[in-house]
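Student: The numbering of the sequence shown is the working numbering, which starts it at 65 and goes up by one.
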Amino acid sequence: MIDKPLLKKRFSDHAKTYDQFASVQKKMGTQLLKRMDGKESEFAPIHILEIGCGTGYLTKKLSQQLTEATITAIDFAPGMIEIAKQRINDERVHFLCGDIEEMGLKERYDLIISNATFQWLNDMENTLIRLSHSLKNNGRILFSTFGAETFHELHTSFSRALQKWQIYTNARLGQPFYSLKELLELCDRTIRLVHPHSNIVGIETIEKERFLSVRDFFTSLKKIGATNSNQGPFFQRPSILKEMIKIYERDFQENGFITATYHCLFIEAVLK
């Protein structure tokens, strides 16, 4: 389980540096917008729910692209909401601070959109069912999240470090992510439970970032508040951490840089 209070604090504390270091998340947001091209009229007075609006990067682009839409933008980190409000001064955009897993949704929406947020849900299955009930007929759910190959270099290095110390366990860093196949199956049994004839499609992409060192990589995660809130006991041991960094920089270095893989999943569901 994700420690939500701790995660909320970390995101709030690093809201001011988020945009500087969240390059992959911005690319994912741009990809989501491309999935919308031509499907929502620029002048249609639709109602949009954005989950995990963060600093308002995607929110602002939505408001500019859909000039008659009303947007309800939610984030559970007060610091993020504060930055988003500074970025966007538009009477069509309404910000709410809260956790989508705990909030009751009284309205129905034409579009529910979320960028790089669903990996922080403790119960994605129940959340998708609830969101499906909050969409109008022919409405759409459009979201991105991270997939199973995300940070595979880190996980492999951690596993090899444990083996070096003869520690045999199923422990891993952070929460597990879905493969695209698994995520589509989850969407099928949740969204179609509410809207049996929905059309659900998914795509996946790989983004790689390069860093001079593993510590630089960790710093980039810290600067967006995305450090794991459930790292487990082994990661806290200096000997394991030191060994993991050594292995990472030995096995996943190329031309003086280490790589960090982001496995990006995109889901689009048209509810019928």
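For every residue, glycine included, the Cβ atom is placed at its ideal position computed from N, Cα and C.
In this text, all values refer to a predicted model and were calculated from it rather than measured experimentally.
Quick one: which unbroken alpha helix (DSSP H) runs of 4-plus residues sit fully inside the stretch 131 to 191? Chain order, please.
Tutor: The stretch 131 to 191 contains these whole alpha helix (DSSP H) runs: 142 to 151.
Student: Taking all protein chains shown into account, do 16 or more other C-beta atoms lie within 10 angstroms of the C-beta of R74, making it buried, or fewer, making it exposed?
Tutor: The residue is buried, with at least 16 neighbouring Cβ atoms inside 10 Å.
Student: Could you please give me the residues that DSSP links to I112 through a beta bridge?
Tutor: In DSSP, I112 forms a bridge with I135, L175.
Student: Locate the alpha helix (DSSP H) running through T220, then write down its first and last residues.
Tutor: Looking at the DSSP string, the run of the alpha helix (DSSP H) that includes T220 is 216 to 228.
Student: Specify the secondary structure class of T283 as computed by DSSP and reduced to three states.
Tutor: Residue state, collapsed to three classes: helix.
Student: Report all residues from its chain with a CB closer than 6 Å to the CB of L169; omit the five preceding and five following residues, and keep chain order.
Tutor: Within the same chain, L169 has close Cβ partners S198.
Student: Kindly indicate the opening and closing residues of the beta strand (DSSP E) around I66.
Tutor: Taken as a continuous stretch (DSSP letters only), I66 belongs to no beta strand (DSSP E), as it is neither H nor E.
Student: Leaving aside the five residues before and after F316 along the sequence, list all residues of the same chain whose C-beta is less than 6 Å from its C-beta, in chain order.
Tutor: If we look at F316 and ignore the five residues flanking it on each side, its Cβ neighbours are E217, I322, T323.
Student: Which residue comes first and which comes last in the beta strand (DSSP E) that contains Y82?
Tutor: Run containing Y82: none in the beta strand (DSSP E); it sits in the alpha helix (DSSP H), 79 to 85.
Student: I believe G211 touches H78 by the beta-carbon criterion, under 8 Å. Please report the beta-carbon distance rounded to the nearest angstrom.
Tutor: Rounded, the Cβ-Cβ distance is 24 Å, inconsistent with contact.
Student: Rounded to whole angstroms, what is the Cα-Cα separation between L70 and Q129?
Tutor: The alpha-carbon atoms of L70 and Q129 are separated by roughly 34 Å.
Student: Just list the residues that DSSP pairs G266 with in beta bridges.
Tutor: According to DSSP, G266 bridges with I331.
Student: Starting from S303, trace the beta strand (DSSP E) both ways and give me its first and last residue.
Tutor: Segment 302 to 315 is the alpha helix (DSSP H) holding S303; no beta strand (DSSP E) there.
Student: Distance check for A108 and T131, CA to CA, integer angstroms please.
Tutor: Roughly 8 Å between the two C-alpha positions.
Student: Residues in the same chain with beta-carbon distance under 6 Å from T394, minus the five sequence neighbours each way, listed in chain order, please.
Tutor: Residue 394 lies beyond the residue range present for the chain, which begins at 65 and ends at 336; the question has no answer from this structure.
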